[in-house]
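Accompanying notes for the structure given below.
Number of protein chains: 4
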Amino acid sequence: MIVLMKHDTAPGDIEKVMEKVRSLGFLPHAISGSQSMTIGITGNKSRIDTDLFMSMSGVEDVIQVSKPYKLVSRDIKREDTVIQVGEDEVGGKDLTVIAGPCSVESRSQILEIALMLSEMGVKFLRGGAYKPRTSPYSFQGLKEEGLEFLKEAAVAAGMHVITEVKDTETLPLVMRYADILQVGSRNMYNFSLLERIGEQRKPVLIKRAFSATIEELLMAGEYVAAKGNYQIIFCERGIRSFDPLTRNSLDLTAVPLVKKLSHFPIIVDPSHGTGAWDLVIPMSQAAVVAGADGLMIEVHPDPSVALSDGFQSLRPDKFKELLERLRVISPIVGKTVRAPQSSTLVSNN
Amino acid sequence: MIVLMKHDTAPGDIEKVMEKVRSLGFLPHAISGSQSMTIGITGNKSRIDTDLFMSMSGVEDVIQVSKPYKLVSRDIKREDTVIQVGEDEVGGKDLTVIAGPCSVESRSQILEIALMLSEMGVKFLRGGAYKPRTSPYSFQGLKEEGLEFLKEAAVAAGMHVITEVKDTETLPLVMRYADILQVGSRNMYNFSLLERIGEQRKPVLIKRAFSATIEELLMAGEYVAAKGNYQIIFCERGIRSFDPLTRNSLDLTAVPLVKKLSHFPIIVDPSHGTGAWDLVIPMSQAAVVAGADGLMIEVHPDPSVALSDGFQSLRPDKFKELLERLRVISPIVGKTVRAPQSSTLVSNN
Amino acid sequence: MIVLMKHDTAPGDIEKVMEKVRSLGFLPHAISGSQSMTIGITGNKSRIDTDLFMSMSGVEDVIQVSKPYKLVSRDIKREDTVIQVGEDEVGGKDLTVIAGPCSVESRSQILEIALMLSEMGVKFLRGGAYKPRTSPYSFQGLKEEGLEFLKEAAVAAGMHVITEVKDTETLPLVMRYADILQVGSRNMYNFSLLERIGEQRKPVLIKRAFSATIEELLMAGEYVAAKGNYQIIFCERGIRSFDPLTRNSLDLTAVPLVKKLSHFPIIVDPSHGTGAWDLVIPMSQAAVVAGADGLMIEVHPDPSVALSDGFQSLRPDKFKELLERLRVISPIVGKTVRAPQSSTLVSNN
Amino acid sequence: MIVLMKHDTAPGDIEKVMEKVRSLGFLPHAISGSQSMTIGITGNKSRIDTDLFMSMSGVEDVIQVSKPYKLVSRDIKREDTVIQVGEDEVGGKDLTVIAGPCSVESRSQILEIALMLSEMGVKFLRGGAYKPRTSPYSFQGLKEEGLEFLKEAAVAAGMHVITEVKDTETLPLVMRYADILQVGSRNMYNFSLLERIGEQRKPVLIKRAFSATIEELLMAGEYVAAKGNYQIIFCERGIRSFDPLTRNSLDLTAVPLVKKLSHFPIIVDPSHGTGAWDLVIPMSQAAVVAGADGLMIEVHPDPSVALSDGFQSLRPDKFKELLERLRVISPIVGKTVRAPQSSTLVSNN
């Protein structure tokens, strides 16, 4: 159930509603829009009598949500939610470009990439330190050392760190280094992990599982929100299909669907979504035009020697070309792509 | 095998090579590029000795094609093939916009739509007269009468007709009315129909079957080309997947893949591809940016009373909005969208 | 709509009901059960008034069928329909075993196989003469010559011929040779072909398309039945899925589903369904126990030299082993497998 | 790499080989067959020189395994591995029948079911205490109390407990109550959980994820085996597909495939695999005949009031009928199904 508060409600009235919810043994979730506040109620097993709240001071309306997802639903908030990451945003006017290698491979590798990306105007650095791999015998990431290298590189380059949380055991550690936590496709149904992350107050990017429906993706977000973490970013990364020509089948329709059904941002990972670097550029452009709030791109200085996923990584020059194209395209859908740092300096290429 | 002719080869030399191919009992296919000619050879059961041609006058090179598709492959022609339809083109600089109702329902319905679309700048009119339907008890189209209404409307509006050929029996009839023949998803594996169409000299649009791989789609084109019809347009219209929220899963990656592997154009049908009118606009934009040569959109003056597929048809005002957006976006990928006719006139209704 | 006639209705009363249906401009379908007759009515665009028939002599009840498939539905006939093929049956107590090579390759090849299979007790000989192939350059079958060889071999061996009808053009020819017409997976949505076959009075086996739902498979049967051909056999042959280890994903659940929803028999093709000969034996057994009325198995004297599908064909000794296993298993589900002819002779190897 | 020891090798020689492996910094895995021992080696990053072991006493052969799965592969052990659970076995001659409700709902519910199942001859009791649910607001199981009820019921009925481990946090708790740990479909890619379970010495049943390939399923087992737990049971439970008529698409071909590729047993869950109780009986029979080592069936005294998955649960009488059918069918594939207790005793409660 949702309690819509009036535009100019006094904080005290809001608190009274929340107290009322708690007194009934339920959980109140204060979701703030640009002008008013909505209070989502979870934890109830059956319908709550709307009259309990309708008469309270400052209450505009009380609404039952019929969809299985409540707190991530557009029903609770008409406007887009913008996630704040330092001075930057996800879901706002800036197109969020997340880039970096599949895995952190060494201090110098990640530092080199970070500085290069930063110069191109990229603010979000990705890199896997704990890698869930199909085989127990494959490279599993540099682990804590990888996190250190990643953070160090990001700080040096003035970027934010996004990296995967593999399990609840390493969550506290990853919390120390990451600015955005990433839940990988294989963990989208790992509800215990989602709940632990829900208890944190840090943005989380949730990747769609290999064959998850859009509703299941939204429900994964609901697990996080139900615990009080309302900084959720969804990520489409391709579904499993039958065509051997592509690693996955990038489902761009997920973008307008998620935007329609949820107030949280959605970004697209065309690197995993296609598995082929030469499909990354056209599909990145398409994703932005379909309404994506951002992109997550694998970039590697020398894809041929990457420890994982080299075939789908862009070389720096190709990535630069992609950014230039995005700078042209994004304004059409109301987004902007940050200029390269060099352009703010005297000699602009 | 492919015989590449030199840039300035005399027509006589080309004919000699083709004669040589025929004399060996094989079929020569002359595929002309902007500056030179390529001769594809089919009908051979085993490898042909390249020396047979290398020494002939005007021959630049002789190449074995390892891919299963030969004549539709980029290997035989590096440049894009542009299909001429009257004074208009598919695969050229103009974004091909095909629009109209799912079914031709009456003379007045299709005429009204045609005039409206034409005024908006649309040159290609779609409308089903022979409808393959899952149920034998569903509306199967107005048949020949539908073709007449469609052609009449197109002529009145100055448009080209594209309509589905359901079977070989009605092919001669459809040939009389259509400017572009359409092979529906259910007929993509109907090789007998493809061969009959291959014997025609009229453009054909081939829709991807529900779970066809890209290679199978290209092979359907190869069936047409092998019979000498080199006016092929591929069409992505969504694959079958597991998510009940959409009718199909629009596979936009097919666009850059087909552009990479084939010299023939590809267009996208986001109406069937999503099955929901409010997803058509974002996915149309995404398709164009991914590199599609055109779009096929279901438009109906009153979707709520359409005899088929109303839920995925755009109302005229929404379609007009889509065209306006496409006019802004297309130039970014080097395409243009025709201006509305009304805009060139003084009084704009 | 269905008109159920009383057990002991006079033929004249049945004819009167059928005449009444015709007089209304609809089509009557007389479907006979073991004790009573049901008259299915198709061709109506809207609901028919049940009172029109309820008062007629011999009428037991009048029922509206809510499912999209009417004549193939269990609603119209509670008992299993048994298809008569010469002295043999499909859908009765005998497990229908259809065997033979993927393609008829030569007179001696098919004769040798037929005699061998016949000796093992097999009554249905399969063999492709018109082969729909993904590539126009692949072996397309021996065509009419293949049909001749096939028929000749079947006659010599005392077997029935089942072979694929590729298109309406060759249907009359195939009709002359085949005892059961086969509609391949690629033609399951070829409604024009289904309608032409519906006008014949010969059994037809319809293979499920690569990604057809069970309802679509039943609707393909409905197309045949709506034209008056009530001798339909459905065939599960694997759906398209994501695992590269198998050619298709054999969906055995289709068997109990089709048995539940339709009165027509269903058989299983584990050769195409798995694409691997060593999976054919376990999956054949499983199919029978799941309730299949029969099996269609690719058998080749020397799979390594087969012109098509060798990797999924059983060698004769393996096929013999399969038959022996089926003879043990089938009785458990109330089916019997014909004994080898040799067992009825004095000493035959 | 695999070191095959000779039939009559002295334990000391085996220990020397294992010591040698450890001295190289790798992990030795002693996998015992009926007559000889095999030592699998993991932890190496590159190929190991086979000569290092070939000359050692007792060594028969040294083999490189090319498949990505090593310890679960048939290459390391030709015979079937039989998992011992108390006095009972999984993968041996007895068909393993696991039955019980989806969720433990109350002490009396699970006790009643356990006694009833035990009387029917069932030795393995299933019941969820920690339930991973798509919605955070759905019933999540009785948790530790559920485990207590489940264990108590199993002890009273003389049965073994199999129950799902939802996460690493609750693993120690579940270890105290479960005889077989279950990894659910949603956790098949949860490598951290698999590794923790690999460190235990208790049988684990791993359910295939919604769209996991067979190779990925085997790799999940490899994660467990690589940590030294060689008591693995695979479980096919249906893959995600496109047909709305069934909850999942039960992929029975997985059974002979896993039996071919791995020495570990595989069982089938037709309840989740079909999502419809009336498909459970035919598909259970089919699974056994396809070679499954057992079945996992949801049984509920009153499915209409079950807190989860009622629609796919068998009523006790239907389950009893299934067992009777399995007793007839299983011997054909060399398996036996335990007789009901009541049939062997004069008066058993």
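Residue numbers (our numbering), protein chains in the order written: chain P, 51 to 399; chain G, 51 to 399; chain R, 51 to 399; chain W, 51 to 399.
Beta carbons: idealized from backbone N, C-alpha and C, even for Gly.
Worksheet item: Between THR263 of chain W and chain R, is there a C-beta pair that is closer than 8 Å?
Response: Here residue 263 of chain W refers to the residue found at position 213 when the fourth sequence is read from its first residue. Interface residue, yes.
Fill in: Secondary structure, beta strand (DSSP E): runs of 3+ residues fully inside the segment 154 to 204 of chain G
Fully enclosed beta strand (DSSP E) runs of 3 or longer: 174 to 176.
Item to complete: Tell me the start and end of each unbroken alpha helix (DSSP H) in the segment 196 to 265 of chain R that is at least 4 residues and wholly inside, in chain order.
Response: For the segment 196 to 265 of chain R, whole alpha helix (DSSP H) runs of length 4 or above, ordered along the chain, are 221 to 227 and 241 to 248.
Practice prompt. At 8 Å on the CB atoms, spell out the chain G contacts of SER299 of chain P, in chain order.
Written response: By one-based count along the first sequence, residue 299 of chain P stands at place 249. ILE289, SER291, SER299, ASP301 and THR303, listed in chain order.
Discussion item. For ILE113 of chain W and MET51 of chain W, which I take to be in contact (beta-carbon distance under 8 Å), what is that distance rounded to the nearest angstrom?
Written reply: Along the fourth sequence, read from residue 1 onward, the residue named residue 113 of chain W stands at position 63. Along the fourth sequence, read from residue 1 onward, the residue named residue 51 of chain W stands at position 1. So it is a contact: roughly 7 Å between Cβ atoms.
Practice prompt. Look at the alpha carbon of ALA207 of chain W and the alpha carbon of ASP301 of chain R, and state the distance between them as a whole number of angstroms.
Written response: On the fourth sequence, position 157 is the one that residue 207 of chain W refers to. On the third sequence, position 251 is the one that residue 301 of chain R refers to. In this structure, the alpha-carbon of ALA207 of chain W lies about 37 Å from that of ASP301 of chain R.
Worksheet entry | Inter-residue Cα distance where the pair is GLY288 of chain W and ASN298 of chain G | For the purposes of this step, residue 288 of chain W is taken as the residue at position 238 of the fourth sequence. For the purposes of this step, residue 298 of chain G is taken as the residue at position 248 of the second sequence. Per the coordinates, the alpha-carbon of GLY288 of chain W lies some 22 Å from the alpha-carbon of ASN298 of chain G.
Discussion item. Between ILE81 of chain G and ILE126 of chain G, how many whole angstroms is the CB-CB distance? I'm expecting something under 8 Å.
Written reply: Numbered from 1 along the second sequence, position 31 holds the residue referred to as residue 81 of chain G. Numbered from 1 along the second sequence, position 76 holds the residue referred to as residue 126 of chain G. Between ILE81 of chain G and ILE126 of chain G a beta carbon distance of about 6 Å is seen, short of the 8 Å cut, so the two are scored as contacting.
Worksheet item: Secondary structure at SER397 of chain P, three-state DSSP: helix, strand or coil?
Response: Numbered from its first residue, the first sequence carries residue 397 of chain P at position 347. The predicted position of SER397 of chain P is uncertain, since its pLDDT is 39 and thus under 50; no value can be drawn from it.
Item to complete: Run the CB neighbour count on LYS143 of chain W, radius 10 Å, all protein chains shown included, and call it buried at 16 or more, exposed below.
Response: Indexing the fourth sequence from 1 puts residue 143 of chain W at position 93. Here LYS143 of chain W is exposed: its Cβ has fewer than 16 other Cβ atoms, across all protein chains shown, within 10 Å.
Item to complete: Taking all protein chains shown into account, decide if ALA389 of chain G is buried (16 or more other Cβ within 10 angstroms of its Cβ) or exposed.
Response: Position 339 of the second sequence, counted from the first residue, corresponds to residue 389 of chain G. Under this definition ALA389 of chain G is an exposed residue.
Worksheet item: Got a sec: is the Cβ-Cβ distance from ARG236 of chain W to anything in chain P below 8 Å?
Response: By one-based count along the fourth sequence, residue 236 of chain W stands at place 186. Yes, ARG236 of chain W counts as interfacial toward chain P.
Fill in: GLN85 of chain P (DSSP reduced to helix, strand or coil)
To locate residue 85 of chain P, count along the first sequence from 1; it is residue 35. Under the three-state reduction of DSSP, GLN85 of chain P is assigned to coil, being neither helix nor strand.
Item to complete: Mind listing the chain W neighbours of PHE260 of chain P? Cutoff is C-beta to C-beta under 7 Å, in chain order.
Response: Numbered from its first residue, the first sequence carries residue 260 of chain P at position 210. Contacts between PHE260 of chain P and chain W, judged by CB atoms closer than 7 Å, involve SER261 in chain order.
Practice prompt. Have a look at P:GLY234, P:ASN94, P:GLY108 and P:THR59 and flag the residue whose alpha-carbon is nearest the alpha-carbon of GLU71 of chain P.
Written response: Here residue 71 of chain P is taken as the residue at index 21 of the first sequence, counted from 1. Reading the sequence as shown, one finds Val at residue 71 of chain P and not Glu. If you compare the alpha carbons of P:GLY234, P:ASN94, P:GLY108 and P:THR59 with that of VAL71 of chain P, the shortest gap goes to P:ASN94.
Practice prompt. Look up PRO315 of chain W in the DSSP assignment and say whether it is helix, strand or coil.
Written response: If you number the fourth sequence from 1, residue 315 of chain W lands on position 265. DSSP places PRO315 of chain W in the coil class of the three-state scheme, outside both helix and strand.
Discussion item. Among the candidates R:ILE283, R:SER235, R:PHE241 and R:ALA262, whose CA atom is the shortest distance from the CA of GLN253 of chain R?
Written reply: Within the third sequence, numbered from 1, the residue matching residue 253 of chain R stands at position 203. Here residue 253 of chain R is Pro; the residue named in the question, Gln, does not match the sequence. Out of R:ILE283, R:SER235, R:PHE241 and R:ALA262, R:ILE283 has the C-alpha closest to the C-alpha of PRO253 of chain R.
Item to complete: Tell me, please, which residues DSSP counts as bridged to PHE284 of chain R.
Response: For this step, residue 284 of chain R is matched to residue 234 along the third sequence. According to DSSP, which records beta bridges pairwise, PHE284 of chain R is partnered with R:ILE256 and R:ILE316.
Worksheet entry | DSSP three-state assignment for ALA149 of chain P, whether helix, strand or coil | Within the first sequence, residue 149 of chain P is the residue found at index 99, counting from 1. In the three-state reduction of the DSSP assignment, ALA149 of chain P falls in the strand class.
Worksheet item: Excluding sequence positions up to five away, which residues of its chain have a Cβ less than 7 Å from the Cβ of PHE260 of chain R?
Response: In the third sequence, counting from the first residue as 1, residue 260 of chain R sits at position 210. Answer for PHE260 of chain R: SER235, ILE289 and ARG290, listed in chain order.
Worksheet item: In three-state terms, what does DSSP make of THR324 of chain P?
Response: Within the first sequence, numbered from 1, the residue matching residue 324 of chain P stands at position 274. THR324 of chain P falls in the helix class under three-state DSSP.
Worksheet item: From the DSSP output, which residues share a beta bridge with PRO78 of chain P?
Response: On the first sequence, position 28 is the one that residue 78 of chain P refers to. According to DSSP, PRO78 of chain P bridges with P:ILE91.
Item to complete: Anything in chain W within Cβ reach of TYR280 of chain P, meaning under 8 Å, just list it in chain order.
Response: If you number the first sequence from 1, residue 280 of chain P lands on position 230. Identification of chain W residues near TYR280 of chain P by a Cβ-Cβ cut-off of 8 Å yields none; the smallest Cβ-Cβ distance measures about 14 Å.
Discussion item. With the cut-off set at 8 Å, would you say ALA204 of chain R and ALA164 of chain R are in Cβ contact?
Written reply: Against the third sequence, residue 204 of chain R aligns to sequence position 154. Against the third sequence, residue 164 of chain R aligns to sequence position 114. Cβ atoms of ALA204 of chain R and ALA164 of chain R: closer than 8 Å.
Worksheet item: List, in order along the chain, the chain W residues whose C-beta lies closer than 7 Å to that of GLY93 of chain R?
Response: Working through the third sequence from its first residue, we reach residue 93 of chain R at position 43. Correct list: empty, because the minimum Cβ distance to chain W is about 27 Å.
Worksheet item: Which class does ILE126 of chain G belong to by DSSP, given the choice of helix, strand or coil?
Response: Position 76 of the second sequence, counted from the first residue, corresponds to residue 126 of chain G. Reduced to three states, the DSSP call for ILE126 of chain G is coil.
Worksheet item: Assuming ILE256 of chain R and ASP229 of chain R make a contact with CB atoms under 8 Å, what is their CB distance in whole Å?
Response: Taking the third sequence and counting its residues from 1, the one referred to as residue 256 of chain R is at position 206. Taking the third sequence and counting its residues from 1, the one referred to as residue 229 of chain R is at position 179. Actually they do not touch by this definition, with Cβ atoms about 16 Å apart.
Discussion item. So if DSSP puts ILE289 of chain P in a beta bridge, which residue, or which two residues, is it bridged to?
Written reply: What you label residue 289 of chain P is simply residue 239 of the first sequence in a count that begins at 1. DSSP, once it has assigned bridges, lists P:SER299 as partnering ILE289 of chain P.
Worksheet entry | Exposure label - VAL355 of chain W; buried when at least 16 CB within 10 Å | For the purposes of this step, residue 355 of chain W is identified with residue 305 of the fourth sequence, where counting begins at 1. Exposure of VAL355 of chain W is indicated by the presence of fewer than 16 other C-beta atoms within 10 angstroms of its C-beta.
Item to complete: In angstroms with no decimal places, state the Cα-to-Cα distance between HIS322 of chain W and THR184 of chain P.
Response: As a position in the fourth sequence, residue 322 of chain W is number 272, starting the count at 1. As a position in the first sequence, residue 184 of chain P is number 134, starting the count at 1. Distance from the CA of HIS322 of chain W to the CA of THR184 of chain P, rounded to the nearest whole angstrom, comes to 24 Å.
Worksheet item: Since PHE199 of chain R contacts VAL154 of chain R with CB under 8 Å, what's their CB separation in whole angstroms?
Response: Mapped onto the third sequence, residue 199 of chain R falls at position 149. Mapped onto the third sequence, residue 154 of chain R falls at position 104. Cβ atoms of PHE199 of chain R and VAL154 of chain R come within 8 Å of each other, at about 5 Å.
Worksheet entry | Residue(s) in a DSSP beta bridge with ILE347 of chain G | Walking along the second sequence from the start, residue 347 of chain G turns up at place 297. For ILE347 of chain G, which the question treats as bridged, DSSP gives the partners G:ALA149.
Practice prompt. Assign PHE174 of chain P to buried or exposed, taking buried as 16 or more other Cβ atoms, counted over all protein chains shown, within 10 Å of its Cβ.
Written response: Counted from its first residue, the first sequence places residue 174 of chain P at position 124. Buried is the call here.
Worksheet item: How big is the Cα-Cα spacing for SER380 of chain R and GLY344 of chain R?
Response: Taking the first residue of the third sequence as position 1, residue 380 of chain R is located at position 330. Taking the first residue of the third sequence as position 1, residue 344 of chain R is located at position 294. Approximately 10 Å between the Cα atoms of the pair.
Worksheet entry | Backbone secondary structure at GLN114 of chain P - three-state DSSP | For the purposes of this step, residue 114 of chain P is taken as residue 64 along the first sequence, with counting starting at 1. Note: GLN114 of chain P maps to coil in three-state DSSP.
Worksheet item: Can you round the beta-carbon distance between GLU214 of chain W and GLN190 of chain W to whole angstroms, since I take them to be within the 8 Å contact cut?
Response: As a working mapping, residue 214 of chain W is identified with position 164 in the fourth sequence. As a working mapping, residue 190 of chain W is identified with position 140 in the fourth sequence. Between GLU214 of chain W and GLN190 of chain W, the beta carbon gap of about 12 Å keeps them out of contact (Cβ cut-off 8 Å).
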